[in-house]
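In this text, residue positions in the sequence shown follow my numbering: the first is 1464, and each later residue adds one.
Note sheet for the following structure.
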Amino acid sequence: MVFDPITELYDKSGELLGVQLSAEAWLKVRESVLAALGPRPEEERPEPLGDWELLKQYWDFPYPVDMDVACSECGAGTEDWSKDEPRKFRLTGASLGGLVAFRCQGCRSKVVKKHFKSHIKTEVTPFQDKVPAKEARYK
Ligand SMILES: [Zn+2]
1464 MVFDPITELY DKSGELLGVQ LSAEAWLKVR ESVLAALGPR PEEERPEPLG DWELLKQYWD
1524 FPYPVDMDVA CSECGAGTED WSKDEPRKFR LTGASLGGLV AFRCQGCRSK VVKKHFKSHI
1584 KTEVTPFQDK VPAKEARYK
């Protein structure tokens, strides 16, 4: 018997529910399937606004709370990220130490603002799609 890399799944009434592919078959068609279906909705976690409020409450930097965010990757920018509707930058993290992270909604870059006593440092990391080969490798 030849192993069939494609298994069609039916329910009791004979309705097609979906298709199961072998790993080998999936790797062959993965790119074209993903391209044909378009981007998949990313699971969005709610913005950690509580953490942000906490940081603002305990703000002990010698300058006022800064609300501007800029992405050097795609050129997006805002004067006040919390007032944008829809968001240009989504808050993804805020720590009492002064680390505030955003996801640029335009190009999905990660924008991190590091607050120091004397200055604010912004770091932008371009979005990288997950590469399976990289994930399998040990650090
Ligand atoms: Zn961007």
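Just so it is clear, CB atoms sit at the ideal spot from N, CA and C, and this is done for glycine as well.
I'd like the span of the alpha helix (DSSP H) that includes residue 1516, first residue to last. Residue 1516 -> alpha helix (DSSP H) spans 1512–1520.
One question on the structure: do residue 1485 and residue 1502 come within less than 8 Å of each other, judged by their Cβ atoms? No.
Between the C-alpha atoms of residue 1550 and residue 1475, what's the straight-line distance to the nearest angstrom? Cα-Cα distance, rounded: 45 Å.
Leaving aside the five residues before and after residue 1488 along the sequence, list all residues of the same chain whose C-beta is less than 6 Å from its C-beta, in chain order. Correct list, in chain order: 1468.
Between the segment 1550–1562 and the segment 1515–1527, do at least 3 Cβ pairs fall closer than 8 Å? With the cut-off at 8 Å, the segment 1550–1562 and the segment 1515–1527 touch.
Under a Cβ-count criterion, where at least 16 other Cβ atoms within 10 Å of its own Cβ denotes burial, should residue 1589 be classed as buried or exposed? Burial check for residue 1589: the Cβ neighbour count within 10 Å stays below 16, so the residue is exposed.
What do you reckon, is the C-beta of residue 1586 under 7 Å from a heavy atom of ligand 1? Answer for residue 1586: no, Cβ out of range of ligand 1.
Tell me whether the beta-carbon of residue 1586 lies closer than 8 Å to the beta-carbon of residue 1580. Not closer than 8 Å, so no.
Thinking C-beta only, is residue 1541 closer than 8 Å to residue 1529? Result no, Cβ atoms of residue 1529 and residue 1541 do not sit closer than 8 Å.
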